[in-house]
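**Student:**
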Amino acid sequence: MRITSVFLLALGVVLSLGLCQGKSYENYKVYQVTPDKEEDLAVLIPWTEKDNVDFWDTTAQPRVMVSPSEQKNFEDFLQKHNLPYSVTIENVQTTIDQEREEKKAYWAAREVSPRHVTDDFQHFWSYDEINSYLRRMATENPQYVTLLPLGETFEGREVLGLRITSPGNDANRPIIYIDATIHAREWIAPMVAVYIIHELAEHTTDHLSVLDNVVWIIQPLVNPDGYEFTYAADGDRFWRKTRTINENSDCLGVDANRNYDHYWANGVASGECTLTYAGTAPFSVAESRIVRDVVMANVDRMKLYISLHSYGSLFMYPFSSHRNVLPENFRFQHEAGDVFAEALYAVNQTPYRVGNGAGILGVSSGTSKDWTYSGPGIPLSYTLELPRGGTGFDPPATAIEGVVSETFVGIRAIAGFVVERYYPLSVAQKA
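The sequence shown: position 59 = 59 (full-length UniProt numbering), numbered continuously.
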């Protein structure tokens, strides 16, 4: 039965990669802008609202994907304003095609030697694979792992998470909540979340110090509707938002990481067709409400929140909403961030920058980490931007295991920091 189910899933994936045509990125280019001074980038702000221009990041040297119809205008604009640039990807579609070929080769090999579909980290897992793995972990490790049905998305997909901790009374254990994939196209993010589960649930004896003393809540897919759309043969590999229908608009989706109640819709593009559309109100989409509800249900004991994104190799605490405003405990948050970054660096010398979001990535309002800190008051609240590679959002499949394993070392280290500072929870710490 296992071989049959693996074969059928593999066959479905291979067929889905070749039967239909999704959005084409033929001759789209990716530019890297390298200004002499960061303030020179201000002239690019109007370009962030154009339909055929996609800012892959808003750092001091942003990478921007531009459609063929806008490339001459964009290049002329950069030259007019003396902004140096280079083309880092000549044809984005070739990177997508290469990714598809890697998937086909992977599944062809699995037909020859089938195992559990999710036994390895050599491919990016689908929504069904991830949910199957979560259910299996809860079934095989019931003493440590509890399946959490968290809600449903706009399109009716089930959102699952896991609660992982050692057996016994856990009332004095701080809670760590990790979510991933609020932005659909960031495929490496759920792989890190699943790898954390893999380590904690399948290698419990190696991690007792952070299982005996911590309750973990891990949600690999905040936005499964969007994630599935990036996978679909007739979908869009670079879809970012939810798949919510917007009233009186042909454009779908909300940027769920602009939909939280912290300076919601402040200074962001207002049109439904923009990539960062913040929705009609804070928590107007199911995906952000589910995260909110998890936080509020555990607010008394939750001490660390991390939202996994890509890309940039950044570990960011609040605030993203204001460049020159820091949280009251910013030194404490920076200290914990350094623990993460230094432990990770020791593995493969991968450098991470630690700092407030607006300062090291750019200004954005309505983000999850800003809300978890300023609203419910989670003292350690972060966005983790994973390394880039391949298309810019994700490393090639051959590099997944290296990224997820080194990231876990950093996560394990900051969990130890939480244990040192918060275990056992006292009455004062619970308040």
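Think of the CB as a built atom: it goes at the ideal place given N, C-alpha and C, for glycine as much as any other residue.
Tell me, which residues are paired with ARG163 by DSSP?
**Tutor:** Here residue 163 refers to the residue found at position 163 when the sequence shown is read from its first residue. Bridge partners of ARG163: THR146, ILE217.
**Student:** Using beta-carbon positions only, say whether LEU208 and LEU162 come within less than 8 Å of one another.
**Tutor:** Translated into positions along the sequence shown, residue 208 becomes position 208. Translated into positions along the sequence shown, residue 162 becomes position 162. Taking 8 Å as the Cβ cut-off, LEU208 and LEU162 do not qualify as a contacting pair.
**Student:** Exposed or buried, ASP370, counting other C-beta atoms within 10 Å across all chains shown (16 or more means buried)?
**Tutor:** If you number the sequence shown from 1, residue 370 lands on position 370. ASP370 should be labelled buried.
**Student:** Flag this pair as yes or no: are the beta carbons of ALA189 and SER310 separated by less than 8 Å?
**Tutor:** Taking the sequence shown and counting its residues from 1, one reaches residue 189 at position 189. Taking the sequence shown and counting its residues from 1, one reaches residue 310 at position 310. It is a contact, given that the beta carbons lie within the stated cut-off.
**Student:** Looking only at DSSP bridge pairs, what is TYR227 linked to?
**Tutor:** Counting from 1 along the sequence shown, the entry for residue 227 is found at position 227. None; TYR227 has no bridge partner.
**Student:** Please indicate yes or no: does the CB of GLU129 lie closer than 7 Å to some heavy atom of the ligand HEM?
**Tutor:** This structure lacks the ligand HEM; in fact it carries no ligand of any kind.
**Student:** Taking the beta carbon of GLU186 as the centre, do at least 16 other beta carbons fall within 10 Å, making it buried, or is it exposed?
**Tutor:** Translated into positions along the sequence shown, residue 186 becomes position 186. Result: buried.
**Student:** For VAL409, which residues from the same chain have a beta carbon less than 6 Å from its beta carbon, with the 5 sequence-adjacent residues on both sides left out?
**Tutor:** By 1-based counting over the sequence shown, the position of residue 409 is 409. For VAL409, where only same-chain residues beyond five positions count, the Cβ hits under 6 Å are ALA343, LEU344, VAL347.
**Student:** With respect to the alpha helix (DSSP H) encompassing GLN122, which residues constitute its N-terminal and C-terminal limits?
**Tutor:** On the sequence shown, residue 122 is found 122 positions in, with the first residue counted as 1. Here GLN122 belongs to no alpha helix (DSSP H), and DSSP marks it neither H nor E.
**Student:** For the beta strand (DSSP E) that contains TYR422, what are its first and last residues?
**Tutor:** Here the question's residue 422 lines up with position 422 in the sequence shown. Note, TYR422: premise wrong, no beta strand (DSSP E); alpha helix (DSSP H) at 400-422.
**Student:** Going by beta-carbon coordinates alone, are PRO149 and GLU158 separated by less than 8 Å?
**Tutor:** Here residue 149 refers to the residue found at position 149 when the sequence shown is read from its first residue. Here residue 158 refers to the residue found at position 158 when the sequence shown is read from its first residue. Yes, they are a contact pair.
**Student:** Leaving out five residues on either side along the sequence, give the residues of the same chain with a beta carbon under 8 Å from the beta carbon of SER426.
**Tutor:** Residue mapping note: residue 426 aligns to position 426 of the sequence shown, counting from 1. Result list for SER426: empty, nothing under 8 Å.
**Student:** Would you be able to state if there are at least three C-beta pairs under 8 Å between the region 277-293 and the region 348-359?
**Tutor:** Touching, no.
**Student:** Identify every run of the alpha helix (DSSP H) within the region 293-356, keeping only runs that are complete inside it and at least 4 residues long; order them along the chain.
**Tutor:** Those alpha helix (DSSP H) runs which fall completely within the region 293-356 and span 4+ residues are 330-348.
**Student:** Quick check: the Cα distance between GLU129 and THR276, rounded to an integer number of angstroms?
**Tutor:** Within the sequence shown, numbered from 1, the residue matching residue 129 stands at position 129. Within the sequence shown, numbered from 1, the residue matching residue 276 stands at position 276. Taking the straight line joining both Cα atoms gives about 28 Å.
**Student:** Once you ignore the five residues that flank MET191 on each side, which residues in its own chain have a CB closer than 8 Å to its CB?
**Tutor:** The residue you call residue 191 lines up with position 191 of the sequence shown. Closer than 8 Å at the Cβ level, and outside the excluded window around MET191, lie PHE121, PHE124, TRP125, ILE400, VAL403, VAL404.
**Student:** For TYR260 and THR367, which I take to be in contact (beta-carbon distance under 8 Å), what is that distance rounded to the nearest angstrom?
**Tutor:** As a working mapping, residue 260 is identified with position 260 in the sequence shown. As a working mapping, residue 367 is identified with position 367 in the sequence shown. The pair is a contact, with the Cβ atoms about 6 Å apart (cut-off 8 Å).
**Student:** In the DSSP assignment, find the alpha helix (DSSP H) that holds LYS72 and state where it starts and stops.
**Tutor:** On the sequence shown, residue 72 is found 72 positions in, with the first residue counted as 1. Counting along the chain, the alpha helix (DSSP H) containing LYS72 begins and ends at 68-80.
**Student:** Quick one: residues in its chain with C-beta nearer than 6 Å to the C-beta of residue 481, no 5 flanking neighbours on either side, listed in chain order?
**Tutor:** Coverage of the chain is limited to positions 1 through 431, which leaves residue 481 absent and any answer about it impossible.
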